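Heads up, the thing below is written out as structure tokens.
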Ligand SMILES: Nc1ncnc2c1ncn2[C@@H]1O[C@H](COP(=O)(O)OP(=O)(O)OP(=O)(O)O)[C@@H](O)[C@H]1O
Ligand SMILES: [Mg+2]
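Structure below.
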């Protein structure tokens, strides 16, 4: 009966700051994310989106509540949950190729096979010719594509993404969105994708969550059932799309204003 | 990990003024201190034990309490203050001279191509080299007295001071310079009003290195060439088989080292209040 | 050859200094026993470099630095990382490190001479102890400041906590440890020369002093130059090697 891929049960997270006071980042958030869902999460800055992902990833412990993955409580990080961080976090001492093969290496995939898999992702991310480059020689957008390839190459069961395209230029960003969507349509990996861009959230997600300002909970939960081909340009001019965008944006705006904080854009 | 345990409410304990509670607080404080410095106490305890066990020659390895007593005595009678003053004078004398020359030279190198061309290779070679090797030369030229010691300190300190000032001057944000130039600052005024303050964080890095170097070099020079001072007294005590006295000198110089490190940090906070320091960790 | 020209232009000031030296000393404007002629220093340099005795002293000095540094690097990196990784190591080592940090390192030379005599052992011990403290502190700080996202990234790709040290923590902290080792090399040479000045019967420091005490100033100058040259080349050689090993990292000058 428990068919949820990821189940978040009443998760609360409080940080003790240096002054001794407490900051409640998440206040009793509950969510069920079924298999194959592409969940996108939007919300004002500082509402606990990253924190939620880190708890699902097993990097942080919830103060109260728990997260179940395939019905089993999360106790720590694992290779079943891949993550792409807000900030590029490539291993600077490894070349592009070595970065992409890292996870495969750790899982004991034989060398020849690793190389082959990595090469296909290199092509996918349009990084051919940079196999031997070190991260510092790459632009921000290229680094983020390597980070994406590094995580995808492990073929995790669930992918957690924390504003992965936030630092990319507009063009690269669009290309990456199309690429990610294509990949998801092929594999139907469960994805939890945090963004501050409402349009991106609707375009990519099969379901959008709007979080409240801190302490974060779910404010608005909306399945995206637009029956149109996701060809970007047409899609955005669609009336249903615009209505949806307006509705979600108003929800976000309300939270931003309530908190008196300006969302980054 | 202390996370799971119930937290002791510290404010309550210090708030109640009953003597019993205060005694408990003091005891707890003491226990925490012992727990924290456990390894240090163990170290000195072992030292004391081995020294008193009769396995080793007390000349080679005197009990730490005996050395501490000797230190206390030399502090109480004041006969440590004369050598301490000499060492301080030599270290800080050489350092002060090097400060004036090194910072000026470094800033000039950062601003004028010709000065840079002439001095850069000399500084680049001299900086990583052990300048203390010139000590016999300075003795040859200036004898065994203060001059040679002050000058070897000067020589050792000038390299880090110049190099850091030079890097500081080179890395001054060009928009500061353009802004000042467009307001009519030129030459020396530009150096003093813009380059110097902007390079100050770097210069302070150099100063902190040079401060430690000055004490090390003065001390070594005293050990090698004599003429009074903590280094000389320590070597003399070692040669005269007065090992506790040698340790008393070691304690003194360490305390001096600690004091200067703290003084430099304090000065830095005082002078560079406008500069956002990167936290080390 | 533009590269050669660049080197000549760069080191021309050095040649100018030497030229001025020779110009002042050759006509005996300055007494020979005060500053020897530069030409004589060069001659002494040639002599030294072709004498077996010199290489004996150089080997003694070099082995002291090498062994002392090796010990301090291995112990320092292990303790520094250990302190960051295991609470009990930190508990034990931190007070000792804090206490020994402000001791000016040459001040331990007389103590080690009393304990270990004037041979190799006291010099090696002084160098090892003098260099280990800064290496411990840097390794500790470097390990603690490893980007947590790198650690998390590795954990989410199946790296176990035990492998983490080798796969992430160590390479990530290597650049800062490398800088600390470079400082340690400079400190090691200072300690070597100082301890050989104070009490020794072999080594380059000893050689310098013994030439000075018999009045062979040209030879004394030559040995000093050689010590400076060795210290300088050790630094540059290390920097060049590290630039290769850490090709992925961007180094500043200094
Ligand atoms: N280690 C920490 N210690 C104290 N407070 C923290 C810590 N980490 C996060 N917080 C606080 O928790 C709240 C949520 O942080 P989080 O990074 O999850 O926000 P976010 O929604 O991802 O924001 P953004 O959109 O800006 O990335 C913030 O108010 C932050 O100040
Ligand atoms: Mg975030």
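Protein chains in written order, with the working numbering: chain A, 7 to 271; chain B, 59 to 339; chain C, 143 to 396. Don't be surprised by glycine CBs; every beta carbon is placed ideally from N, CA and C. No experiment lies behind these values; they were computed from the predicted model shown.
- Task: Could you round the C-beta distance between residue 314/B and residue 292/B to whole angstroms and report it? I think they count as a contact, below 8 Å.
- Result: As a position in the second chain, residue 314/B is number 256, starting the count at 1. As a position in the second chain, residue 292/B is number 234, starting the count at 1. At roughly 12 Å, the Cβ-Cβ gap does not stay under 8 Å, so residue 314/B and residue 292/B are not in contact.
- On the three-state DSSP scale, how would you describe residue 199/C? For this step, residue 199/C is matched to residue 57 along the third chain. In the three-state reduction of the DSSP assignment, residue 199/C falls in the helix class, which pools H, G and I.
- Look up residue 216/A in the DSSP assignment and say whether it is helix, strand or coil. In the first chain, residue 216/A corresponds to position 210, counting from 1. Three-state DSSP puts residue 216/A in a strand.
- Query: Among 314/C, 220/C, 361/C and 344/C, which residue has its Cα nearest to the Cα of residue 186/C?
  - Reply: Here residue 186/C is taken as the residue at index 44 of the third chain, counted from 1. Per the C-alpha coordinates, the member of 314/C, 220/C, 361/C and 344/C positioned closest to residue 186/C is 361/C.
- Query: Would a C-beta distance cut-off of 8 Å place residue 194/B and residue 351/C closer than the cut-off?
  - Reply: Along the second chain, one-based indexing puts residue 194/B at 136. Along the third chain, one-based indexing puts residue 351/C at 209. Going by beta carbons, residue 194/B and residue 351/C fall inside the 8 Å limit.
- Status (buried if at least 16 other CB within 10 Å, exposed otherwise) for residue 72/B: The count along the second chain starts at 1 and reaches residue 72/B at position 14. Note that residue 72/B scores 39 on pLDDT, short of 50, meaning its location in the model is unreliable and no value can be drawn from it.
- Message: Suppose the cutoff is 7 Å on Cβ atoms and the five residues either side in sequence are ignored; what does the same chain contact list for residue 192/B look like?
- Response: Sequence index remark: in the second chain, residue 192/B carries index 134 (1-based). If we look at residue 192/B and ignore the five residues flanking it on each side, its Cβ neighbours are 210 and 213.
- List, in order along the chain, the chain B residues whose C-beta lies closer than 7 Å to that of residue 230/C? Taking the third chain and counting its residues from 1, one reaches residue 230/C at position 88. The contacting residues do not exist; residue 230/C stays about 10 Å from chain B at best.
- So with Cβ pairs under 8 Å, would you call residue 173/B a contact of chain C? One-based indexing of the second chain puts residue 173/B at position 115. At a cut-off of 8 Å between C-beta atoms, residue 173/B does not count as an interface residue with respect to chain C.
- Buried versus exposed call for residue 323/B [16 or more other C-beta atoms within 10 Å across all chains shown]: Locating residue 323/B in the second chain gives position 265, where the first residue counts as 1. It is exposed - the Cβ of residue 323/B has fewer than 16 other Cβ atoms within 10 Å.
- Query: Helix or strand or just coil, what does DSSP make of residue 59/B?
  - Reply: The residue given as residue 59/B occupies position 1 in the second chain. Unreliable positioning characterises residue 59/B in this predicted model, as indicated by a pLDDT of 31, which lies under 50. The coordinate reading is nonetheless provided below. Three-state result, residue 59/B: coil.
- Message: Since residue 15/A and residue 58/A should fall inside the 8 Å C-beta cutoff, what is the C-beta to C-beta distance between them, to a whole number of angstroms?
- Response: Residue numbering aside, residue 15/A sits at position 9 when the first chain is read from its first letter. Residue numbering aside, residue 58/A sits at position 52 when the first chain is read from its first letter. The beta-carbon separation of residue 15/A and residue 58/A, rounded to 13 Å, does not stay under the 8 Å limit for a contact.
- Message: 8 Å is my cut-off, CB to CB: does residue 359/C come that close to chain B?
- Response: In the third chain, the residue the question calls residue 359/C occupies position 217. Answer yes: the Cβ-Cβ gap between residue 359/C and chain B drops below 8 Å somewhere.
- Just tell me which of 199/C, 217/C, 202/C and 282/C has its CA closest to the CA of residue 229/C. Here residue 229/C corresponds to residue number 87 of the third chain, with the count starting at 1. Residue 282/C is the option with its Cα nearest to residue 229/C.
- Query: So, does the CB of residue 196/C fall closer than 8 Å to a CB anywhere in chain B?
  - Reply: Within the third chain, residue 196/C is the residue found at index 54, counting from 1. Interface criterion not met: the Cβ of residue 196/C is under 8 Å from no Cβ in chain B.
- Query: How far does the alpha helix (DSSP H) with residue 289/C in it reach, from first residue to last?
  - Reply: Taking the third chain and counting its residues from 1, the one referred to as residue 289/C is at position 147. Run containing residue 289/C: none; DSSP gives neither H nor E here.
- Query: Can you pull the DSSP bridge partners for residue 226/A?
  - Reply: Taking the first residue of the first chain as 1, we reach residue 226/A at position 220. Beta-bridge partners of residue 226/A (DSSP): 216/A.
- Message: Between residue 207/A and ligand 1, is there a pair consisting of the residue's CB and a ligand heavy atom that are separated by less than 7 Å?
- Response: Counting from one through the first chain, the residue named residue 207/A turns up at place 201. No, since every heavy atom of ligand 1 falls outside the 7 Å radius drawn around the Cβ of residue 207/A.
- Query: Regarding residue 180/A and ligand 1, is the C-beta to nearest heavy atom distance less than 7 Å?
  - Reply: For the purposes of this step, residue 180/A is identified with residue 174 of the first chain, where counting begins at 1. Every heavy atom of ligand 1 is 7 Å or more from the Cβ of residue 180/A, so no.
- Task: Indicate the three-state DSSP secondary structure (helix, strand or coil) for residue 79/A in the structure shown.
- Result: Locating residue 79/A in the first chain gives position 73, counting from the first residue. Strand, per DSSP.
- Message: Using a Cβ-Cβ cutoff of less than 7 Å, which residues in the same chain neighbour residue 396/C once the five nearest sequence positions on both sides are dropped?
- Response: On the third chain, residue 396/C is found 254 positions in, with the first residue counted as 1. Because the pLDDT of residue 396/C is 39, which lies under 50, any placement of that residue in the model is unreliable, and the number read from its coordinates should be weighed accordingly. The beta carbon of residue 396/C sits closer than 7 Å to no other beta carbon from its chain once the five residues preceding and following it are set aside.
- Query: Buried or exposed: where does residue 111/B fall if 16 or more other Cβ atoms within 10 Å of its Cβ makes it buried?
  - Reply: Here residue 111/B refers to the residue found at position 53 when the second chain is read from its first residue. So residue 111/B counts as exposed.
- N-terminal and C-terminal residue of the beta strand (DSSP E) that residue 199/A is part of: By 1-based counting over the first chain, the position of residue 199/A is 193. 196-200 is the span of the beta strand (DSSP E), which, as asked, contains residue 199/A.
- Message: Within 8 Å, do at least three Cβ pairs link the segment 353-373 of chain C to the segment 177-196 of chain C?
- Response: Inter-segment contact for the segment 177-196 of chain C and the segment 353-373 of chain C is present: three or more beta-carbon pairs are separated by less than 8 Å.
- Message: Considering only heavy atoms of ligand 1, does any lie closer than 7 Å to the CB of residue 278/A?
- Response: Summary: the structure shown does not reach residue 278/A, with chain A confined to residues 7 through 271, and so no result is reported for it.
- Task: Taking residue 149/A and residue 141/A to be in contact with their CB atoms under 8 Å, please state how far apart those CB atoms are, rounded to whole angstroms.
- Result: Sequence index remark: in the first chain, residue 149/A carries index 143 (1-based). Sequence index remark: in the first chain, residue 141/A carries index 135 (1-based). The C-beta distance from residue 149/A to residue 141/A rounds to 6 Å, short enough to fall under 8 Å.
- What do you get for residue 338/C, buried or exposed, if any count of 16 or more other CB atoms within 10 angstroms of its CB means buried? On the third chain, position 196 is the one that residue 338/C refers to. Looking at its Cβ environment, which holds 16 or more other Cβ atoms inside 10 Å, residue 338/C is buried.
- Item | Nearest to residue 181/B (by Cα), restricted to the options 121/B, 221/B, 298/B and 316/B | For this step, residue 181/B is matched to residue 123 along the second chain. Nearest in C-alpha terms to residue 181/B, of all of 121/B, 221/B, 298/B and 316/B, is 221/B.
- Query: Nearest chain A C-beta to residue 440/C closer than 8 Å, yes or no?
  - Reply: Any answer about residue 440/C is impossible in this case: the structure gives chain C only from 143 up to 396.
- Message: So, at 8 Å on beta carbons, what are the nonlocal neighbours of residue 106/B in its own chain, with the 5 sequence-adjacent residues on each side left out?
- Response: Within the second chain, numbered from 1, the residue matching residue 106/B stands at position 48. Cβ within range, chain order: 121, 122 and 123.
- Could you tell me whether any non-hydrogen atom of ligand 2 is closer than 7 Å to the CB of residue 55/A? If you number the first chain from 1, residue 55/A lands on position 49. Yes, since a heavy atom of ligand 2 falls inside the 7 Å radius drawn around the Cβ of residue 55/A.
- Message: Suppose you measure from the CA of residue 74/B to the CA of residue 80/B; what does that come to, to the nearest Å?
- Response: Within the second chain, the letter at position 16 stands for residue 74/B. Within the second chain, the letter at position 22 stands for residue 80/B. Confidence in residue 74/B is poor, its pLDDT being 43 and thus under 50, which makes the residue's placement unreliable; the coordinate value appears in the next sentence. About 8 Å.
- Task: For residue 182/C, decide whether its Cβ has a neighbour in chain A, counting only Cβ atoms nearer than 8 Å.
- Result: Against the third chain, residue 182/C aligns to sequence position 40. Not one chain A Cβ lies under 8 Å of residue 182/C.
- Query: So, do the segment 290-297 of chain C and the segment 224-242 of chain C have three or more beta carbon pairs nearer to each other than 8 Å?
  - Reply: Judged by Cβ distances under 8 Å, the segment 290-297 of chain C makes no contact with the segment 224-242 of chain C, as fewer than three pairs qualify.
- Query: Within the present structure, is the beta-carbon of residue 168/A separated from the nearest heavy atom of ligand 2 by less than 7 Å?
  - Reply: Mapped onto the first chain, residue 168/A falls at position 162. Yes; taking the cut-off as 7 Å, the Cβ of residue 168/A has a heavy atom of ligand 2 nearer than that.
- Item | residue 231/A: contacting residues in chain C (beta-carbon distance under 8 Å) | Locating residue 231/A in the first chain gives position 225, counting from the first residue. The premise fails here: residue 231/A is roughly 32 Å from chain C at the closest Cβ pair, so nothing lies under 8 Å.
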